[in-house]
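Take a look at the structure below.
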Amino acid sequence: MISPTGETHAPNPQSEIQRDLIAELVELRKQQDAKWPPGHVPRLAAFQWVELALSQIDSASNAPESSPAFRRRLIRATSYLLAALESTDHRNEKFLRRFGRLLRHFHRNGAAVERSSS
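So for the sequence shown, our numbering puts the first residue at 10; every next one is plus one.
Here you go:
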């Protein structure tokens with residue numbers, strides 16, 4: 010990357026991941042809005058978003074860490090997790106159990122996630 014002052018900088022992988030995550034969230038919202046008229050968008054329950062995130066993480070674990078599929082699935086899992094947080098009443102016991110399961114899964118796979126983003 011070249012800065013406005015003409016200096017060359019290496020791209021920041023963290024900011025690329027953040028950009029991809031934001032783009033994924035925007036795309037999910039567009040897809041959701043395109044299917045149903047405003048005010049009639051069915052919301053998934055938080056635990057359903059968590060289940061979707063877990064399925065993406067499981068799929069990512071089958072792909073090589075350097076592959077675009079691995080990164081895409083982790084980004085999608087993160088966007089599903091954010092959707093779960095947006096849609097939940099945090100007192101929901103079922104959600105909390107599944108959310109805990111997801112966090113444990115991320116913790117176990119933390120090294121893989123860190124390696125993929127560096």
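The beta-carbon is built from N, C-alpha and C at its ideal position, and this holds for glycine as well.
Asked	Found
Where the alpha helix (DSSP H) containing A72 begins and where it ends	Per DSSP, A72 belongs to no alpha helix (DSSP H) and is neither H nor E.
Whole-angstrom C-beta distance between R82 and A72, which should lie under 8 Å	7 Å
Candidates F79, E33, K103: closest to S68 by CA position	F79
Cβ neighbours of L111 in the same chain (closer than 7 Å, five flanking residues each side left out)	V59, A62, L63, L90
Nonlocal neighbours in the same chain, by C-beta distance under 7 Å from E36, ignoring five residues either side	none
Same chain, Cβ closer than 7 Å to Q65, neighbours up to 5 away in sequence not counted	R82, R85, A86, Y89
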